[in-house]
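What follows is one structure encoded as structure tokens, with my remarks underneath.
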Amino acid sequence: MEDWAEIRRLHRAEQMPVRAIADDAPLKYQRAPKGSIADAVEPQIRELLEQWPEMPATMIAEWIGWDRV
1 MEDWAEIRRL
11 HRAEQMPVRA
21 IADDAPLKYQ
31 RAPKGSIADA
41 VEPQIRELLE
51 QWPEMPATMI
61 AEWIGWDRV
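Read in order, the letters of the sequence shown are residues 1 to 69 in my numbering.
Next comes the structure, spelled out in structure tokens:
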């Protein structure tokens, strides 16, 4: 919405031609990054995997008390 207002201002108030304002590519919507439900326990998971790299995910979840398996 801000981009649209700026384009309109440039064209109407500054008398800038549309071709000078136009971008090479259409604007793309970018969603804000959300994060993961595992972010809170990631340090514990990494610590376990350093000691036991072959440990299955179900066992890791059990060890850290995480019930979202």
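Note that CB positions come from ideal geometry on N, CA and C, so glycine has one too. Just so we're clear, the structure is a prediction, and the values are computed from it rather than from any experiment.
Whole-Å CB distance - residue i paired with residue j, under 8 Å assumed
i   : j   : result
I60 : I45 : 6 Å
Three-state secondary structure (DSSP) of residue i
i   : result
A5  : helix
P43 : helix
W52 : coil
L10 : helix
A57 : helix
A22 : coil
W66 : coil
Cβ-Cβ distance between residue i and residue j below 7 Å
i   : j   : result
W66 : V41 : yes
L10 : M1  : no
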